[in-house]
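Participant: Structure in C-alpha cells, see below.
Numbering (our numbering), first residue to last: 1437 to 2153.
Here you go:
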C-alpha cells in the first residue's frame, strides 16, 4: 500500500476526516475486541454482529443477503477501512458473504482475502471465481494457488473441469506448481480423491488424464493398469513422472499385472519414447500472472509512468487512465496523491467521472466521487468567485500539461481556447470532457459569467457536444449560442428532452432539426416535430428507406413527423416496408393505421404479398375482426424501440442533472458517517441483518455526522 509519506498525505484527502491514530486496527488475531469503543451516542455495539453469528439463524437467506449488501456497501468505503471491518466479521459469515456475492467484490475486499483472509473465505473466493469468472479471474486463481492452501486447492476439484479456468487450476495443482524440492505440492485430500477415483471400477477418461498428468509417482502407478485408455501424451507423462521420481522399476515388479497386461506396458514405453520432453508438452511452469484491471500500481510506479509521458497518445492515455482507476479502487494511491501527481490535468479530471456501464465495477463510484469532491474543493479554494480565472481554467482544462493543482494555481493562462497545444481530450476514453467537468463544478453564477467572457466561443462550441452538461452552459447555448452551437447541443445525447423542445422553438433552427432527426434517443413527439417542416420529396423518401433496416427508430420518426399527410405516409410506408425487419414492419403498420385507417394497412399488405394466404398473421386477423387490435398486440409483443427505452431512462437525460455536479449519493452518505469508523461499519452489518426490509440509504443515514468538524464537513462537501 502507500508509503508513510503517502499515508500522511492521505490524512488530508477526501474521505479522511480523522487521523490515522483515531482508527484502531485489529490485533494480529483479528478479534473484534481490538476495535475502537462502541459509539454510545448512536447506541450501537460493534460486536453485535459477532454475537448474532452464535445465535440460531431462522432465515439463512436473510443472513446471506445481509452479507451481500454489506460487501456491496464496502465498495463505497475507503479502501483503508475495509481490512479492519472484514477482520472483525465472524469467519463463517465472511465466507458465506463472499460465496453469495458471486464474485462481485470490491478490490480491497479481494486483496484482504488473498493476503490476510481465513481459509474458508479463500475457499469461497475460489469457488465463486471458478463458477463466475469475470475480470481478473485468472490473477485471482493464480494468487490463490500460490498460497498452497489445501482447503482452497480442494475446491477446484469440486468444480466442473470443463471450465478453462478450473481445468488450468487443477493442472497447476497436480503438476505445474512446485515446492522447494522441485516437486508438485498436491494436497493429501486431492491425491486420495484421485487414487480412489482411479481405483474404482470404470474410472472416467477425465480422471485418468488428471491422474496421469500429476507429478506424483503413486498416482502414475495407479494409472498403469488403464494404460490402454490413455493418449500418447498421457502415457508419456506417466513415464516421465516415474523416471523423475526414480520409481520406474516398480512397474516391472508388479508381476501379476505384467503377466496379464504385457501389452499395457508396451504402451507405457518399453522401450521408452525418444526425446520425451521435446515430443510432448509436459508443462512444469507456474507463475502468478499480473492483471492490470485488478492489481493497483504503486505511487512510485505511477509517478514513473507520468515522468516518462505515458499519456501522449490515445493508447497510452487509456492505459494510464485504467491503471490510475484501479490504483484508486485498491487504495494503493489516494485521491490526494493522484491529484498531486497525475498529469495532464485532463487525466485527473477524467478520473472524476465514469459512465453507468463502467460504474458497475465495485469501488469505482467511490474512487470517482473522491476525485470529483477533492477537485471541487481545490477549485473553490484556488479560483473562488474570479470569473475570468474560471473561464481560463475551463478553456485550458483539456490542454494543460501539468496537474489539476497546477492548472488551478496558474494565474498566467492566456484567455480563450489555446491554439497549437495538444488536446488531451481527444485521448480521453471516458466520453466526459475535462472542460465540462470543471465548468459543472463552478458556482452557477460564476459559470454563467465565465461563458460570456471574451474569447470563449470555441470552448463553448466544444463543450456543447460533450458531457456532462450543466445549467449555465445549456442556458447560454439556448439563449445566446450560435446556430452551430445549438445544433451540437441538439445532437448531444446528454441533452434533456425539455431542452430539445426549447431549441426547436428557436428561429433559424435548421441545424437543430437536422441534429434531432439523426438522434435515436428522442421522444416520439420531439422526433415528429423535427420532421414537421421537412419537404416531402424523393430525398426524404430515400432517407427513410436507407434508415429502415439499420435505424428503424429514425425511419419511423420521419414517417411519424409527416403524419399530417396520410397519402405521403402511405407511400413512405410502402417504400420502406420491405427494408424493415419484423418488428419494424409491425410498428409501421400501427402508425399507418393510426394516420390513414386500418383499411390502408389491409390494402398495403395485400398489394405487397399479392394474396390473402400470404398476408402477415396480424393483418389477416385485423381484417377478420375489422379493427386494429391485432396490429397493436403484435407491435407491443415485438417493440422496435425496446432497446432504446433502457437508454432513454438514463439519469443524464433528466433536466435535474443540469443543476448539480454529478456525484454518487451513497458515497456522499457514507463519507461523513462511516469513514474511519470500523465499529460503525460492523454496527451497520448488524442492522442489515436485523432489518432486511430497510434500504441501505435509510440504515446508513441513521448514523450521525457529529464526529466530523465543521471544517471537515465543508471540505467533504
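Quick reminder that beta carbons are idealized off the backbone N, C-alpha and C, glycines included.
Using a Cβ-Cβ cutoff of less than 7 Å, which residues in the same chain neighbour residue 1897 once the five nearest sequence positions on both sides are dropped?
Facilitator: Numbered from 1 along the chain shown, position 461 holds the residue referred to as residue 1897. Same-chain partners within the cutoff: 1920, 1921, 1924.
Participant: For the alpha helix (DSSP H) that contains residue 1723, what are its first and last residues?
Facilitator: Numbered from 1 along the chain shown, position 287 holds the residue referred to as residue 1723. Element bounds for residue 1723: n/a, residue is neither H nor E.
Participant: Under a three-way DSSP split, which group does residue 1620 fall into?
Facilitator: Taking the chain shown and counting its residues from 1, the one referred to as residue 1620 is at position 184. Three-state DSSP puts residue 1620 in a strand.
Participant: Any chance the segment 1771-1781 sits against the segment 1557-1570, with 3 or more Cβ pairs inside 8 Å?
Facilitator: Because the criterion of three Cβ pairs below 8 Å is not met, the segment 1771-1781 and the segment 1557-1570 do not touch.
Participant: Using the Cα positions of residue 1839 and residue 1646, report the straight-line distance between them to the nearest angstrom.
Facilitator: Start at 1 with the first residue of the chain shown, and residue 1839 comes out as number 403. Start at 1 with the first residue of the chain shown, and residue 1646 comes out as number 210. Whole-angstrom Cα-Cα distance: 55 Å.
Participant: To the nearest angstrom, how far is the alpha carbon of residue 1748 from that of residue 1832?
Facilitator: As a first step, residue 1748 is located in the chain shown; it is residue number 312 there, counting from the start. As a first step, residue 1832 is located in the chain shown; it is residue number 396 there, counting from the start. Their backbone Cα atoms lie some 17 Å apart in a straight line.
Participant: Could you give the first and the last residue of the continuous alpha helix (DSSP H) run that contains residue 2123?
Facilitator: Along the chain shown, one-based indexing puts residue 2123 at 687. It spans 2114-2126 - the alpha helix (DSSP H) in which residue 2123 sits, taken as one unbroken run.
Participant: Assign residue 1743 to one of three DSSP states: helix, strand, or coil.
Facilitator: Against the chain shown, residue 1743 aligns to sequence position 307. Residue 1743 falls in the helix class under three-state DSSP.
Participant: Report the residue from 2137, 2128, 2122 whose alpha carbon sits nearest the alpha carbon of residue 1526.
Facilitator: Reading the chain shown from its first residue, position 90 is the one you call residue 1526. For the residues 2137, 2128, 2122, the minimum Cα distance to residue 1526 belongs to 2122.
Participant: What residue range does the alpha helix (DSSP H) around residue 1949 cover?
Facilitator: Within the chain shown, the letter at position 513 stands for residue 1949. Per DSSP, residue 1949 belongs to the alpha helix (DSSP H) from 1946-1953.
Participant: Could you tell me the distance, in whole angstroms, from the CA atom of residue 1489 to the CA atom of residue 1523?
Facilitator: The residue labelled residue 1489 in the question sits at position 53 within the chain shown. The residue labelled residue 1523 in the question sits at position 87 within the chain shown. No answer about residue 1489 holds up, because its pLDDT of 40 lies below 50 and its placement is not dependable.
Participant: Under the three-state reduction of DSSP, which class applies to residue 1900: helix, strand or coil?
Facilitator: Indexing the chain shown from 1 puts residue 1900 at position 464. The answer is helix: DSSP assigns residue 1900 an H, G or I state.
Participant: Along the chain, which unbroken stretches of the alpha helix (DSSP H) at least 4 residues long are found entirely within the segment 1975-2037?
Facilitator: Complete alpha helix (DSSP H) runs here, min 4: 1988-1997, 2002-2012, 2018-2032.
Participant: What do you get for residue 1949, buried or exposed, if any count of 16 or more other CB atoms within 10 angstroms of its CB means buried?
Facilitator: As a first step, residue 1949 is located in the chain shown; it is residue number 513 there, counting from the start. Residue 1949 is buried by the Cβ-count criterion.
Participant: With distances taken from CA atoms, which of 1507, 1596, 1617, 1940 is nearest residue 1535?
Facilitator: Here residue 1535 is taken as the residue at index 99 of the chain shown, counted from 1. Comparing Cα-Cα distances from residue 1535 to each of 1507, 1596, 1617, 1940, the minimum goes to 1507.
Participant: How would you label residue 1637, buried or exposed, when you count the other beta carbons within 10 angstroms and need 16 or more for buried?
Facilitator: Taking the chain shown and counting its residues from 1, the one referred to as residue 1637 is at position 201. That one is exposed.
Participant: Report the residue from 1806, 1933, 1944 whose alpha carbon sits nearest the alpha carbon of residue 1962.
Facilitator: Taking the first residue of the chain shown as position 1, residue 1962 is located at position 526. Ranking 1806, 1933, 1944 by Cα distance to residue 1962 puts 1933 first.
Participant: When the Cα atoms are used, what is the spatial distance from residue 2137 to residue 1909?
Facilitator: Locating residue 2137 in the chain shown gives position 701, where the first residue counts as 1. Locating residue 1909 in the chain shown gives position 473, where the first residue counts as 1. Those two C-alpha atoms are separated by around 34 Å.
Participant: I want to check one thing, is the minimum distance from the CB of residue 1972 to the heavy atoms of the ligand ADP below 6 Å?
Facilitator: With respect to the ligand ADP, the structure shown offers nothing to examine, as it has no ligands at all.
Participant: Short of 6 Å in beta carbon distance, which residues of its chain neighbour residue 2038, apart from the five on each side in sequence? Order them along the chain.
Facilitator: Position 602 of the chain shown, counted from the start, is the residue given in the question as residue 2038. Excluding positions up to five away in sequence, the list reads 2059.
Participant: When you compare each of 1983, 1997, 2076 to residue 2018 by their alpha carbons, which one comes out closest?
Facilitator: Sequence index remark: in the chain shown, residue 2018 carries index 582 (1-based). Among 1983, 1997, 2076, the Cα nearest to that of residue 2018 belongs to 2076.
Participant: Can you grab the Cα-Cα spacing for the pair residue 1796 / residue 1549, in whole Å?
Facilitator: The sequence position of residue 1796 within the chain shown is 360, counting from 1. The sequence position of residue 1549 within the chain shown is 113, counting from 1. Rounded to the nearest angstrom, the two C-alpha atoms are 21 Å apart.
Participant: Taking the alpha-carbon of residue 2133 as reference, which of 1740, 2119, 2113, 2106 has the nearest alpha-carbon?
Facilitator: Numbered from its first residue, the chain shown carries residue 2133 at position 697. Ranking 1740, 2119, 2113, 2106 by Cα distance to residue 2133 puts 2106 first.
Participant: Rounded C-beta distance between residue 1572 and residue 1729? I'm assuming under 8 Å.
Facilitator: For this step, residue 1572 is matched to residue 136 along the chain shown. For this step, residue 1729 is matched to residue 293 along the chain shown. Right, the Cβ-Cβ distance comes to about 6 Å (below 8 Å), so this counts as a contact.
Participant: With a threshold of 16 other CB atoms inside 10 Å of the CB of residue 2003, please say whether the residue is buried or exposed.
Facilitator: The residue given as residue 2003 occupies position 567 in the chain shown. Exposed, because fewer than 16 other Cβ atoms sit within 10 Å of the Cβ of residue 2003.
Participant: Let me confirm a value: residue 2055 is counted as buried when at least 16 other C-beta atoms fall within 10 Å, else exposed. Which label applies?
Facilitator: Here residue 2055 refers to the residue found at position 619 when the chain shown is read from its first residue. Its Cβ being crowded by 16 or more others within 10 Å, residue 2055 is buried.
Participant: Quick check: residue 2036 and residue 2012, are their CB atoms within less than 7 Å of each other?
Facilitator: Here residue 2036 refers to the residue found at position 600 when the chain shown is read from its first residue. Here residue 2012 refers to the residue found at position 576 when the chain shown is read from its first residue. Their beta carbons are not under 7 Å apart, which means residue 2036 does not touch residue 2012 by this criterion.
Participant: Select from 1618, 1657, 1667 the residue whose C-alpha is nearest the C-alpha of residue 1642.
Facilitator: Here the question's residue 1642 lines up with position 206 in the chain shown. With distances taken between Cα atoms, residue 1642 lies closest to 1667.
Participant: May I ask you to report which of helix, strand or coil DSSP gives residue 1592?
Facilitator: Along the chain shown, one-based indexing puts residue 1592 at 156. Coil.
Participant: Am I right that residue 1926 and residue 1936 are in contact with their C-beta atoms under 8 Å? What's the rounded C-beta distance?
Facilitator: The residue given as residue 1926 occupies position 490 in the chain shown. The residue given as residue 1936 occupies position 500 in the chain shown. Confirmed, Cβ separation roughly 6 Å.
Participant: So, is residue 2139 buried or exposed, given that buried needs 16 or more other C-beta atoms within 10 angstroms?
Facilitator: The count along the chain shown starts at 1 and reaches residue 2139 at position 703. The residue is buried, with at least 16 neighbouring Cβ atoms inside 10 Å.
Participant: With distance defined between alpha-carbon atoms, name the residue in 1532, 1521, 1849 nearest to residue 1432.
Facilitator: Because residue 1432 is not part of the residues shown, which for the chain are 1437 to 2153, the question remains open.
Participant: Short of 8 Å in beta carbon distance, which residues of its chain neighbour residue 2120, apart from the five on each side in sequence? Order them along the chain.
Facilitator: Start at 1 with the first residue of the chain shown, and residue 2120 comes out as number 684. Excluding sequence neighbours, residue 2120 sits near 1506, 1509, 2110, 2135, 2136, 2139.
Participant: Contact defined as beta carbons within less than 8 Å: I believe residue 1400 pairs with residue 1823. What is the distance between those atoms, to the nearest angstrom?
Facilitator: The question about residue 1400 has no answer here: the residues shown for the chain are numbered 1437 through 2153.
Participant: Under 8 Å by Cβ, that's how I've got residue 2155 and residue 1964 pegged, so tell me the actual separation to the nearest angstrom.
Facilitator: There is simply no residue 2155 to check, as the chain begins at 1437 and stops at 2153 in what is shown.
Participant: Under 7 Å between the Cβ atoms of residue 1580 and residue 1568?
Facilitator: Taking the chain shown and counting its residues from 1, the one referred to as residue 1580 is at position 144. Taking the chain shown and counting its residues from 1, the one referred to as residue 1568 is at position 132. No, the Cβ-Cβ distance between residue 1580 and residue 1568 is not below 7 Å.
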